[in-house]
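There are 2 protein chains.
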Amino acid sequence: MTEKIRVMLVDDHDMVRKGLKAYLATEESIEWVGEASSGNEAVRIFAALNPEIILMDLIMEDGDGIEATKQILTQDPSKKIIILTSFYDDEQVFPAIEAGAMSYLLKTASSDEIIETIYKAHRGKTVIDGKVAQKLVSGMHRNRPFDQLTTREKEVLQLIAEGKSNAEIADLLFIGIKTVKTHVSSIFSKLEVADRTQAAIYAFQNHLFTKHN
Amino acid sequence: MTEKIRVMLVDDHDMVRKGLKAYLATEESIEWVGEASSGNEAVRIFAALNPEIILMDLIMEDGDGIEATKQILTQDPSKKIIILTSFYDDEQVFPAIEAGAMSYLLKTASSDEIIETIYKAHRGKTVIDGKVAQKLVSGMHRNRPFDQLTTREKEVLQLIAEGKSNAEIADLLFIGIKTVKTHVSSIFSKLEVADRTQAAIYAFQNHLFTKHN
DNA sequence: TTTTTTCTCCGTCCCATGACGGATCAGAAA
DNA sequence: TTTCTGATCCGTCATGGGACGGAGAAAAAA
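Protein sequences, first through last, are from chains A and B. Be aware that the first sequence starts at 185, since it is given in this note's numbering, and climbs by one per residue. Be aware that the second sequence starts at 185, since it is given in this note's numbering, and climbs by one per residue.
Set out below in structure tokens:
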């Protein structure tokens, strides 16, 4: 029999860790080398555990999965990381792929799919969940109006989304109110919204300034 | 030895179901009678499984946990339902308790806590997760400014949060623009915000109109 | 090089917005 | 009954917000 595949899990749900551990124990060719309950903990201990494959949750209290993925791959690019997240959180897919994750599964995936994905990752093959893949292709040619904004306009939009007035924005950016109004008008036409309130709503609905951009 | 406690799990994550099942199998006095992958499925099959305790996830694709909790307890009030959710989703705690759930756990809870909660629920004792409890007490005397709003004002605020102008709101509610402005001003003073944009931001940050209210 | 595009900046004009005051009506408390 | 409180409604008025036009500078294209 060949060498076992060394697998590590990073998830802040104890029951998920205990559960997946118990389930993977039934697989002869998989060896459970350890687990971490947060992204930061994973970065600290993965080298000692020396897993070949890391199952990584995204949303965790202490250090998110994307950051942990980056750091781990920086230290050891040979690690194969499978993202295993609860929801296809809108625009977390791109950052995860960019961070170097090999596969992207939803927790709604069946246990068999997870095992299959582990084997495929072991052979260097990528698996992307169907729903996530749809997001990807629709987002590939992402003509997001937001990306049409200039640097200055993005700054202004963020301040709008924080509830700032034009005068406040002018003070914060050390420019005239009239100039702010120009940027604001430009933002409206690019985002195809009518006023600053709709622009702020757009920012919130697209999670623009809540995470990494 | 006494009768085993009959337990059923409702969760749309296959790995959580398989995992918890494997883990609970180590408990002598707990019997796993079945599982459902959605709220609606749970309502359909719980009677046949005849569990004593139901572990219920909240966020599911097909029929959420709160609705399922209500329906199950309507059919059989003797069932003891333990909410087992991923995040303390802001204001889902109240509806869950109102629906008749006996306990409220987070999935970050340790497996031992879950087992302990099952035993306590079996003896009729309620367990509320610490973080959730904090939310509860801070929410008990919930001086949320939002609750200070009148019915009409809530309607207006929702339309503001949808990006509507005063004129559009007037048309939608069949009242004059001046009247709308009065409501709008009243909303601002109660929410302690300066303009409609900040009001919309308030609505989004408090998840006001995204779920049941 | 010149030309064109783009980004950033500032000005003028008009209207929706929001502050303030007041009227009407309904229900509760005296 | 009267009184009081609060919800809903409409008026007047000053101002911030948004549309439009344009200038200078720098980068890209010719």
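In this text, a Cβ means the ideal position worked out from N, Cα and C, and glycines have one as well.
When rounded, the separation of the alpha-carbon atoms in V277 (chain A) and Y288 (chain A) is 8 Å.
Close CB contacts of M244 (chain B) within its chain, under the 7 Å cut and outside five residues either way in sequence, are with D196, S222 and G223 (chain order). Under the three-state reduction of DSSP output, I243 (chain B) falls in the coil class, being neither helix nor strand.
Only those residues of the region 293-321 of chain B whose C-beta falls short of 7 Å from the nearest C-beta of chain A are listed: A293, S294, S295 and I298. M199 (chain A): member of the alpha helix (DSSP H) spanning D198 to L208, first to last residue. Residue pairing by DSSP puts M192 (chain A) in a beta bridge opposite A:G218 and A:I238. By the 16-neighbour rule on beta-carbons within 10 angstroms, A383 (chain B) is buried.
K202 (chain B) and S295 (chain A) do touch by the CB rule: their CB atoms are close to 5 Å apart, below 8 Å. Residue environment for T301 (chain A): buried (at least 16 other C-beta atoms within 10 angstroms of its C-beta). A Cβ of chain B is located within less than 9 Å of the beta carbon of A345 (chain A).
Scanning chain A for C-beta atoms nearer than 7 Å to the C-beta of Q382 (chain B) yields G347, reported in chain order.
Inter-residue distance for R307 (chain A) and K264 (chain A) is about 10 Å (C-alpha atoms, whole angstroms). For G223 (chain B), the nearest beta carbon of chain A is not closer than 9 Å to its own beta carbon.
Contacts between M240 (chain B) and chain A, judged by CB atoms closer than 7 Å, are missing: the closest CB pair is about 14 Å apart. From the beta-carbon of K365 (chain B), no residue of chain A is found nearer than 9 Å; the closest lies around 15 Å away. If you draw a straight line from the Cα of A283 (chain B) to the Cα of A378 (chain B), it is about 37 Å long.
Under a criterion of Cβ atoms nearer than 7 Å, the residues of chain B adjacent to G203 (chain A) are, in order, M199, V200, K202, G203, L204, A206 and Y207. For S287 (chain B), there is no enclosing alpha helix (DSSP H); the enclosing beta strand (DSSP E) covers residues S287 to L290. For L233 (chain B), the enclosing alpha helix (DSSP H) stretches over residues G223 to L233. Less than 9 Å separates the beta-carbon of I237 (chain B) from that of V191 (chain B). Pairing I359 (chain B) with R336 (chain B), the inter-Cα distance amounts to about 11 Å.
As for any alpha helix (DSSP H) of minimum length 4 sitting wholly inside the region 359-395 of chain A, the runs are 361-375 and 380-389, ordered along the chain. Neighbourhood of I385 (chain B) in chain A, by CB distance below 8 Å: A345, E346, G347, A384 and F388, in chain order.
When secondary structure is reduced to three states using DSSP, K348 (chain B) falls in the coil class, being assigned neither helix nor strand.
In the DSSP assignment, L268 (chain A) falls within the beta strand (DSSP E) that extends over K264 to T269. For the C-beta of S270 (chain A), the chain B residues within less than 8 Å are, from N- to C-terminus, H197 and S270.
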